[in-house]
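Visitor: One structure, pasted below without further comment.
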Amino acid sequence: MSSPQVIASTTKRPLIVALAGNPNTGKSTLFNALSGLQQRVGNYPGVTVELKKGWVRHGTRQWELIDLPGTYSLAPRSPDEMVAVELLLGRSSTEPVPDVVISIVDATNLERHLYLTTQLFDLGRPVVVAINMIDMAAAQGIRIDYAGLSQRLGVPVVPIQANRGIGLESLRQAVEAAADSQQIPQPITFPEPFEAEVTRLYQATHQAEPPFVLRRALLDTGGHIEAELLSRYGDSFRQLLQAARDRLAAAGCSVPGIEARTRYAWIRTALQGLIQRPAIPPVTWTDRLDRFLTHRVWGTLIFLLVMFVMFQSIFRWARPLMDLIDGGRAAVTEVVQDALPPGPLRSLVSDGIIKGVGAVLVFLPQILILFGFIALLEDCGYMARAAFVMDRLMSRCGLSGKSFIPLLSSVACAVPGILATRVIEHPRDRLATILVAPLMSCSARLPVYILLIGAFFREGYSAWVPGLVLFAMYMIGFTVAPLVALILKRTLLRGETPVFLLELPPYRWPHPYSIARRMYDAGRAFVIRAGTIILAAMILVWALLYFPYTDAQGQSYPERIAAAEVNAEQARQRLQESAELAEPLSETERQHLLAQLDEPQRLSADWKRQSWLGQAGRGLEPLFRPLGWDWKIGMAVLASFPAREVVVGTLGLIYEIGEVEAAAVSEQPTDPEAQQQVNRLMQTLRREWANDPVRSRYPIPVALSLMVFFALCCQCASTLAVIRRETHSWFWPAFTFVYMTTLAYLAALLTFQAGAILLELSR
Amino acid sequence: MRPLNTFQVGQRGVIRRVDGPPALVQRLGEFGVLEGETIEVLGFAPLGDPMEVRVGASRLSLRKAEAAGVLVEPQLPPVS
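Residue numbers (our numbering), protein chains in the order written: chain A, 200 to 962; chain B, 2 to 81.
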């Protein structure tokens with residue numbers, strides 16, 4: 200990639216063009232069409248908003264395009280919304296002030312879209328209006344006099360059709376002309392009393408604040424700029440502002456109504472005679488579809504169907520791809536095992552790094568599929584309807600309809616679910632959804648449930664018991680998540696109820712390129728930003744399980760295991776030979792050979808027990824005891840920090856069965872050998888627990904307490920990494936881990952203690 | 002003059018007043034929910050809330066609690 204600055208220096212510095220518009224105006228489509236493939240997503244400190252940038256060469260000019268977040272107005276209510284305003288005002292610490300602002304508007308709804316355009320006029324930057332969707336307007340019989348409009352607005356107006364690339368050349372020329380002339384549009388004049396108050400504030404703040412900022416402070420009660428100025432000028436400014444608003448109310452210009460009234464009145468005058476519409480608006484496709492898609496019965500059925508297909512696709516269609524990634528990881532591991540000599544390096548590469556990279560990549564199919572769906576649903580306009588249909592239900596737990604899809608996706612996996620919270624505009628709602636999404640019962644919990652249910656709830660129980668237990672485990676997530684959301688919204692995330700006004704945009708054909716682009720961006724961002732943290736967590740746990748790798752006599756475990764494996768192989772051959780030749784072995788020799796066969800597993804178990812993590816498990820045993828666990832279970836739980844399903848493999852290691860692949864624990868086993876290993880683990884768990892004073896007495900409470908713990912805990916480094924990425928803070932992932940682990944511990948404690956008491960009473 | 006949330010599907014009217022928290026009134030204003038504008042109820046969500054309305058060329062969804070502050074003078078349906 201050649202640096203844009205270098206190219207530009209040979210001609211002029213790059214032309215900086217910001218793209219502003221309402222959501223659902225085809226802004227992203229225009230951005231993609233103008234900037235082509237060279238794009239980058241940038242983050243800003245302290246906010247969750249992302250700005251997309253693109254670079255393109257047009258003739259001799261290098262352009263730097265900035266895609267501002269879609270917004271209906273420039274009245275910032277949060278630090279997130281302030282990013283765009285700061286940038287447009289040229290007050291951003293990281294971004295240069297744009298040379299030109301393109302205001303993209305929808306030809307079928309000009310009046311409302313020009314509202315934001317008139318706000319852009321106040322910023323003192325050259326503006327070019329791009330009127331998009333001219334084909335849709337034509338289809339509805341709307342005719343617009345573009346030249347006349349340009350004259351009345353005082354800025355260039357270019358009709359375009361972004362999805363087909365129509366009018367883009369004229370738009371480019373208009374933008375360059377505007378950049379060269381630097382002609383600043385005339386802001387709309389507000390009624391005299393309002394302008395007087397702005398002047399008064401300007402004097403009171405010693406002319407230090409730009410008029411735009413003061414106008415917004417006056418207009419946006421409780422807005423972000425008001426808060427900023429209050430913190431800068433203190434209480435005297437509060438009184439000043441209040442007095443000004445009181446005077447405005449007395450003069451019949453009360454805020455905030457004055458702004459909308461003034462702007463809409465101005466727009467209406469400007470549009471007078473320039474737009475021809477059919478006298479009776481035609482019944483559009485949106486009208487017809489909406490009658491159906493928001494219908495009491497049909498709307499609900501279609502919604503359920505759409506959600507079912509989406510859920511199935513991330514749950515099942517992603518499976519073959521995930522298996523493929525798992526297979527690739529296994530193949531690469533084998534190559535490394537052959538290429539490197541045994542030792543810490545080989546183990547780090549195969550058990551730490553490759554496993555870690557595999558653990559990152561394995562999420563990609565689900566993320567790509569989910570984001571493909573979200574982009575499709577948003578682009579065609581259905582997303583808003585889905586939120587509309589579900590809003591009532593979600594409002595019961597203090598959220599809105601927009602939280603439904605992220606939470607539903609989390610049943611497959613919290614990682615794509617948390618990424619999907621980007622559809623939620625309200626920062627507090629989004630955060631609440633992020634924090635409870637990991638409580639939904641994800642697919643990584645399934646191997647844990649199936650293993651324990653298979654070991655303890657199958658033999659001696661009616662056929663329906665295993666299913667019931669599994670159902671109960673899922674219900675834990677479905678009931679606890681909304682409860683926690685409600686509690687969070689009432690305590691930590693308390694604040695004034697956000698406005699749930701939602702536009703239901705017209706239905707439109709989705710654009711394949713923007714969908715592909717969204718999928719690509721989501722996948723890339725996940726791998727780069729969250730992937731590194733996941734990898735680091737995997738390597739950390741690998742090291743905790745690997746070191747120290749020498750036994751009490753100073754002999755290396757890996758070497759002893761390698762030697763034992765050679766012996767085991769010989770023993771296996773000897774046993775086979777004797778069976779084939781029907782040549783009975785003496786009982787002592789047979790026992791000796793069988794012991795040799797098991798020696799490698801015994802040694803790895805020894806190794807893991809005395810590893811740092813094993814030591815921690817034993818040290819923390821007093822903590823696990825009230826849950827009915829011994830240090831082995833506790834250690835396996837600690838080792839599952841990177842991902843819940845790892846507990847299965849660790850249990851296999853500690854119980855001397857060898858590493859059990861969590862993927863083998865499923866309802867429909869495919870690999871008989873792996874399935875046999877799982878069965879052996881189940882048997883061993885039963886046998887080991889039967890020989891233990893606590894667990895033999897209360898096997899069911901112990902199994903339940905372990906399952907309940909996994910239902911509620913946050914043993915998932917990937918989830919924490921994604922929370923860190925989405926909230927741009929370490930506090931929220933730490934908070935999630937602490938609250939979920941506490942919750943899981945207390946619930947497991949209650950489960951075991953109550954279960955044990957019940958069992959005692961029934962005896 | 003009645004609150005918007007009491008309107009039925011297909012009913013329309015002229016907005017006379019918009020009350021509520023400043024942030025809500027501002028957002029409604031941005032969408033064109035202003036005194037003097039015509040508003041039409043297009044439907045209700047399957048669970049009865051929120052409601053869907055049309056103002057100008059925009060379709061909006063708002064919760065009934067938010068709609069309660071929008072006072073509308075009902076208009077008779079046009080005689081066909």
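For every residue, glycine included, the Cβ atom is placed at its ideal position computed from N, Cα and C.
1. Taking buried to mean at least 16 other C-beta atoms within 10 Å of its own C-beta, is G433/A buried or exposed?
2. Buried or exposed, going by whether 16 or more other CB atoms sit within 10 Å of the CB of G225/A?
3. The segment 572-590 of chain A: which residues have C-beta closer than 9 Å to a C-beta of chain B, in chain order?
4. Which residues of chain A have a Cβ atom closer than 9 Å to the Cβ of T35/B, listed in chain order?
5. Am I right that G422/A and R415/A are in contact with their C-beta atoms under 8 Å? What's the rounded C-beta distance?
6. Write down every uninterrupted run of the alpha helix (DSSP H) in the segment 869-893 of chain A whose length is 4 residues or greater and which is fully enclosed by it, in chain order.
7. So, are the CB atoms of T317/A and R462/A less than 8 Å apart?
8. Return the residue from the list R239/A, P681/A, E458/A that minimises the CA-CA distance to P23/B.
9. By alpha-carbon positions, which one of V610/A, E533/A, E758/A, R476/A ends up nearest to I341/A?
10. Secondary structure at D379/A, three-state DSSP: helix, strand or coil?
11. Taking 8 Å as the threshold (beta carbon to beta carbon), is R64/B in contact with chain A?
12. Can you check whether the CB of N221/A is closer than 8 Å to the CB of A58/B?
13. Using 8 Å as the limit for Cβ to Cβ distance, is V357/A near chain D?
14. So which residues on chain B does R495/A lean against when the C-beta distance must stay under 7 Å?
15. For G813/A, is the beta carbon positioned less than 7 Å from some heavy atom of the ligand NAD?
16. Where does S928/A land, buried or exposed, given buried means 16+ other C-beta within 10 angstroms?
17. Using 10 angstroms around the beta-carbon of F951/A, count the other beta-carbons present and answer buried if the total reaches 16, otherwise exposed.
18. Starting from G57/B, find everything on chain A with Cβ-Cβ shorter than 8 Å and list it in chain order.
19. Within 8 Å of any Cβ in chain B, is that where the Cβ of F699/A sits?
20. Could you tell me which of R490/A, A902/A, G526/A sits nearest to G44/B, measuring between CA atoms?
21. Please report whether the beta-carbon of E425/A lies at a distance below 8 Å from any beta-carbon of chain B.
22. Sort A835/A, V610/A, M674/A, W708/A by Cα distance to R515/A and report the nearest one.
23. Taking only beta-carbon positions, decide if E396/A is within less than 8 Å of chain B.
24. Could you work out which residue in I479/A, R444/A, L322/A, N362/A is closest to V412/A when comparing CA atoms only?
25. Using the Cα positions of G498/A and L492/A, report the straight-line distance between them to the nearest angstrom.
26. Between P75/B and chain A, is any beta-carbon pair separated by less than 8 Å?
27. For L905/A and L651/A, which I take to be in contact (beta-carbon distance under 8 Å), what is that distance rounded to the nearest angstrom?
28. On the CB-based measure, 16 or more other CB atoms within 10 Å of its CB, does I727/A come out buried or exposed?
29. Taking all protein chains shown into account, do 16 or more other C-beta atoms lie within 10 angstroms of the C-beta of M200/A, making it buried, or fewer, making it exposed?
30. Across which residues does DSSP place K251/A in a beta bridge pair?
31. To the nearest angstrom, report how far apart V354/A and Y314/A are at their CA atoms.
32. Looking at C-alpha atoms only, which residue of N6/B, S62/B, I40/B is the closest neighbour of G14/B?
33. Expressed to the nearest angstrom, what Euclidean distance is found between the alpha-carbon atoms of I206/A and A842/A?
34. Is the Cβ-Cβ distance between Q370/A and I387/A less than 8 Å?
35. Assign M2/B to one of two classes, buried (16 or more other C-beta atoms within 10 Å of its C-beta) or exposed (fewer than that).
36. Would you mind listing the beta strand (DSSP E) stretches within the segment 53-78 of chain B that are 3+ residues and don't spill past its ends, in chain order?
Guide: Result, derived from the coordinates:
1. Here residue 433/A refers to the residue found at position 234 when the first sequence is read from its first residue. It is exposed - the Cβ of G433/A has fewer than 16 other Cβ atoms within 10 Å.
2. Indexing the first sequence from 1 puts residue 225/A at position 26. Buried, because 16 or more other Cβ atoms sit within 10 Å of the Cβ of G225/A.
3. The segment 572-590 of chain A vs chain B, Cβ under 9 Å: A583, R584, A586, F587, V588, M589, D590.
4. Your numbering for residue 35/B matches position 34 in the second sequence. In the sequence under discussion, the amino acid at residue 35/B is Leu, which differs from the Thr named in the question. Here the neighbours are G456, A459, R460, Y463.
5. Start at 1 with the first residue of the first sequence, and residue 422/A comes out as number 223. Start at 1 with the first residue of the first sequence, and residue 415/A comes out as number 216. Indeed they touch by this definition, with Cβ atoms about 7 Å apart.
6. Segments of the alpha helix (DSSP H) lying fully in the segment 869-893 of chain A: 871-889.
7. To locate residue 317/A, count along the first sequence from 1; it is residue 118. To locate residue 462/A, count along the first sequence from 1; it is residue 263. For T317/A and R462/A, yes; Cβs fall inside 8 Å.
8. What you label residue 23/B is simply residue 22 of the second sequence in a count that begins at 1. Of R239/A, P681/A, E458/A, the residue nearest in Cα terms is E458/A.
9. Taking the first sequence and counting its residues from 1, the one referred to as residue 341/A is at position 142. Nearest C-alpha to I341/A: R476/A.
10. Residue 379/A sits at position 180 when you count from the first residue of the first sequence. Note: D379/A maps to helix in three-state DSSP.
11. The residue given as residue 64/B occupies position 63 in the second sequence. Yes - at least one Cβ of chain A is within 8 Å of the one on R64/B.
12. Taking the second sequence and counting its residues from 1, one reaches residue 58/B at position 57. Taking the first sequence and counting its residues from 1, one reaches residue 221/A at position 22. No; because the gap between Cβ atoms is not below 8 Å, this pair is not in contact.
13. Considering every chain present, this structure includes no chain D. Its protein chains are A and B.
14. Translated into positions along the first sequence, residue 495/A becomes position 296. Here the neighbours are P47.
15. As for the ligand NAD, it is missing from this structure, which has no ligand bound.
16. On the first sequence, position 729 is the one that residue 928/A refers to. For S928/A, the number of other beta carbons within 10 angstroms of its own is below 16, and it is reported as exposed.
17. Mapped onto the first sequence, residue 951/A falls at position 752. Buried is the call here.
18. Walking along the second sequence from the start, residue 57/B turns up at place 56. What G57/B touches in chain A, judged by beta-carbon distance under 8 Å, is N308, E310, R311, going in chain order.
19. If you number the first sequence from 1, residue 699/A lands on position 500. With its beta carbon less than 8 Å from one in chain B, F699/A belongs to the interface.
20. Counting from one through the second sequence, the residue named residue 44/B turns up at place 43. Checking every option, the nearest Cα to that of G44/B belongs to R490/A.
21. By 1-based counting over the first sequence, the position of residue 425/A is 226. It does not: the Cβ of E425/A has no partner Cβ on chain B nearer than 8 Å.
22. For the purposes of this step, residue 515/A is taken as the residue at position 316 of the first sequence. Closest by alpha carbon: V610/A.
23. For the purposes of this step, residue 396/A is taken as residue 197 along the first sequence, with counting starting at 1. No, E396/A lies away from the interface with chain B (no Cβ there is under 8 Å from its Cβ).
24. Taking the first sequence and counting its residues from 1, the one referred to as residue 412/A is at position 213. The option with the nearest alpha carbon to V412/A is L322/A.
25. Counting from 1 along the first sequence, the entry for residue 498/A is found at position 299. Counting from 1 along the first sequence, the entry for residue 492/A is found at position 293. Answer to the nearest angstrom: the Cα atoms are 4 Å apart.
26. Sequence index remark: in the second sequence, residue 75/B carries index 74 (1-based). Residue contact check for P75/B against chain A: no CB pair falls below 8 Å.
27. Sequence index remark: in the first sequence, residue 905/A carries index 706 (1-based). Sequence index remark: in the first sequence, residue 651/A carries index 452 (1-based). Contact between L905/A and L651/A holds, with the beta-carbon distance rounding to 6 Å and staying under 8 Å.
28. Your numbering for residue 727/A matches position 528 in the first sequence. It is exposed - the Cβ of I727/A has fewer than 16 other Cβ atoms within 10 Å.
29. Looking up residue 200/A in the first sequence gives position 1. For M200/A, the pLDDT reaches just 38, beneath the cut-off of 50, and the residue's location in the model is therefore unreliable, although a value from the coordinates is still provided. Counting Cβ neighbours within 10 Å, M200/A comes out exposed, since fewer than 16 surround it.
30. Translated into the one-based positions of the first sequence, residue 251/A becomes position 52. In the DSSP output, where bridge partners are listed per residue, K251/A has V240/A, D266/A.
31. As a working mapping, residue 354/A is identified with position 155 in the first sequence. As a working mapping, residue 314/A is identified with position 115 in the first sequence. Using only the alpha carbons, I get a separation of about 15 Å.
32. Taking the first residue of the second sequence as position 1, residue 14/B is located at position 13. The closest CA to that of G14/B, considering only N6/B, S62/B, I40/B, is found on I40/B.
33. Mapped onto the first sequence, residue 206/A falls at position 7. Mapped onto the first sequence, residue 842/A falls at position 643. Here I206/A scores only 41 on pLDDT, less than 50, and its place in the model is too uncertain to base an answer on.
34. Residue mapping note: residue 370/A aligns to position 171 of the first sequence, counting from 1. Residue mapping note: residue 387/A aligns to position 188 of the first sequence, counting from 1. Contrary to the premise, residue 370/A reads as Leu rather than Gln in this sequence. Taking 8 Å as the Cβ cut-off, L370/A and I387/A do not qualify as a contacting pair.
35. In the second sequence, residue 2/B corresponds to position 1, counting from 1. Counting every other CB atom within 10 Å of its CB across the protein chains shown gives M2/B a total below 16, marking it as exposed.
36. Runs of the beta strand (DSSP E) inside the segment 53-78 of chain B: 59-63, 71-76.
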